[in-house]
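These notes are about the structure you will find just below.
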Amino acid sequence: MTQPRTSASAGAFGARNGLAYGLLGLPLAFVALPLYVILPNHYAREFGVPLATLGAILLGARLFDAFIDPLLGRLSDRLFARSARAVLALGAGAALLLALGFALLFFPPVTGPAALATWAAVMLVLTYAAYSTLSISHQSWGAMLGGNEAERSRIVAWREGLGLAGVVLASVTPALLGLPVTTAVFFAALAAGWLAWSRAVRPVARAHAEAATPSAIWLPFKSAAFRRLLAVFMLNGIASAVPATLVLFFIQDRLQAPRQMEPLFLGSYFLAAALSMPLWLSIVKRLGLARTWLAGMLLAIAVFGWATQLGAGQVAAFTVVCALSGLALGTDLALPGALLAGVVQANGQSGQSEGAYFGWWNFATKLNLALAAGLALPLLGLFGYAPGVRDAGALDALVIAYCVLPCLLKLAAAAGLYFFVLPMSVPPLPERASP
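Counting along the sequence shown from 1, when you hit position 396 you're at 419 in this note's numbering, and nothing is skipped either side.
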């Protein structure tokens, strides 16, 4: 079996190892954009499912998905303690279920609002569960490779950078090639990602008595550093999930942009995030993970503040908004996971409890998405907005939900990061030469 990575060997995490580990991030991110951004708009416009119904479905499915994540994390720890091969076998089964669920969601064999709503609810539960199983195992695998702040951020950046490539691909494929081709591309990328993962360098987990007990699921909450980091992560995550849920409504009704412009907006957002990764990684070496993440939050606040001033026809300005907010997104993707890996390392639980930590981490991510869909969509409907409604009051409500609310949440997250996480940040380990 491949020897566990030390901090030094993690520093040698080059292109070959990065591609082998990180490639699975591409299909996982590819599928996330259709599920979280395109699906609500698709069911509302193509099938006529009311926004309030969609909000309830997404809230219920995402809450269920969130609550099973800690259990999936515990399962991941147990399988890692057994062998990496057992984790890969679980991943293969989850990948098959994810592919099936995705296809059945976008090509439902039923008609009628009630039948479609029931079908979507069931398929979302199955698809989200498969997605979470695969994601938690993959994230835990990377965290087990260890290293100092710069090294951990490099490992996460490979996964998230390839994930951004997947999102860019997903942002243009449905509009340019249609959903059937999009589904075929996803199937191929998922197969390639799992095969590459199966050939990636394998961490070695260490057996730990506490990890085997029923109470192990609550182990992360014994750490004050984890609790504080999780609170900041949730505030920041909701701030990002709300505009992700509403972006197509903003583009189509506030900007009144042609549908063919949507790939440009989404593509510029995710492409800028992908291209920003080397920049943010270089800044991490100077400022550290927490301060660099704070810089990204402040940039996002400034950009969304500008977006409140945009109106119909301002396509060029919104493209710049997408690119700059994508630049800020790079910190959200590459740095929080590296901070979490540092917390696990500082607590002396590396190779033992990564699944428990990432289970709760994914719980927070899903809860953010659930709250964004379950609250933003019904509230918009309550204040008179519906797809295609363009009176001043409805559009003002859309601007407040899409721009102002995320700014307030980001500001709260930035304050929490500065006052509660930054003082507890784990200092980087001293650099050591690669063997």
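Think of the CB as a built atom: it goes at the ideal place given N, C-alpha and C, for glycine as much as any other residue.
Just so we're clear, the structure is a prediction, and the values are computed from it rather than from any experiment.
On the CB-based measure, 16 or more other CB atoms within 10 Å of its CB, does residue i come out buried or exposed?
| i | result |
| --- | --- |
| residue 134 | exposed |
| residue 336 | exposed |
| residue 331 | exposed |
| residue 69 | exposed |
| residue 428 | buried |
| residue 275 | buried |
| residue 321 | exposed |
| residue 394 | buried |
| residue 222 | exposed |
| residue 348 | buried |
| residue 204 | exposed |
| residue 137 | exposed |
| residue 283 | exposed |
| residue 414 | exposed |
| residue 410 | exposed |
| residue 105 | exposed |
| residue 211 | exposed |
| residue 309 | exposed |
| residue 334 | exposed |
Considering only residues of the same chain and omitting the five flanking positions on each side of residue i, which have a CB-CB separation below 7 Å?
| i | result |
| --- | --- |
| residue 120 | 149 and 153 |
| residue 297 | 184, 187, 188 and 191 |
| residue 142 | 131 and 133 |
| residue 342 | 287, 288 and 291 |
| residue 355 | 259, 263 and 319 |
| residue 235 | Confidence at residue 235 is low in this model, with a pLDDT of 48, below 50, so its placement is unreliable and the value that follows should be read with caution. Within the same chain, residue 235 has no close Cβ partners at all. |
| residue 439 | 254, 255 and 258 |
| residue 387 | 253, 256, 257 and 260 |
| residue 370 | 246 |
| residue 84 | 144, 147, 148 and 151 |
| residue 38 | none |
| residue 196 | 204, 205 and 208 |
| residue 202 | 129 |
| residue 102 | 109, 110 and 113 |
| residue 392 | 59, 85 and 264 |
Tell me which same chain residues have a C-beta within less than 6 Å of the C-beta of residue i, skipping the five on either side of it?
| i | result |
| --- | --- |
| residue 368 | none |
| residue 460 | Missing from the structure shown is residue 460; the chain here goes from 24 to 458 and no further. |
| residue 401 | 75 and 78 |
| residue 432 | 258, 261 and 262 |
| residue 361 | 175, 176, 179 and 312 |
| residue 294 | 191 |
| residue 117 | 153, 156 and 157 |
| residue 359 | 256 |
Which stretch, first to last residue, makes up the alpha helix (DSSP H) that contains residue i?
| i | result |
| --- | --- |
| residue 348 | 338-357 |
| residue 146 | 136-166 |
| residue 316 | 312-330 |
| residue 46 | Residue 46 -> no alpha helix (DSSP H), and no H or E assigned at all. |
| residue 250 | 247-272 |
| residue 218 | 202-221 |
| residue 108 | 107-129 |
| residue 429 | 428-439 |
Taking only three categories from DSSP, how would you classify residue i?
| i | result |
| --- | --- |
| residue 408 | coil |
| residue 414 | coil |
| residue 232 | Residue placement at residue 232 cannot be trusted, given a pLDDT of 42 that sits under 50; the coordinates are not used to answer. |
| residue 73 | coil |
| residue 18 | As shown, the chain starts at 24 and ends at 458. That puts residue 18 outside it, with no answer to give. |
| residue 281 | coil |
| residue 242 | helix |
| residue 393 | helix |
| residue 334 | coil |
| residue 132 | coil |
| residue 226 | coil |
In chain order, what residues of the same chain lie with their CB nearer than 8 Å to the CB of residue i, ignoring the 5 residues before and after it?
| i | result |
| --- | --- |
| residue 46 | 185, 215, 216, 219 and 220 |
| residue 379 | 93, 96, 97, 100, 234, 239, 240, 242 and 243 |
| residue 42 | 181, 185 and 219 |
So that I know if they touch, is there some Cβ in chain D lying closer than 8 Å to that of residue i?
| i | result |
| --- | --- |
| residue 54 | This model lacks chain D altogether; it includes just one protein chain. |
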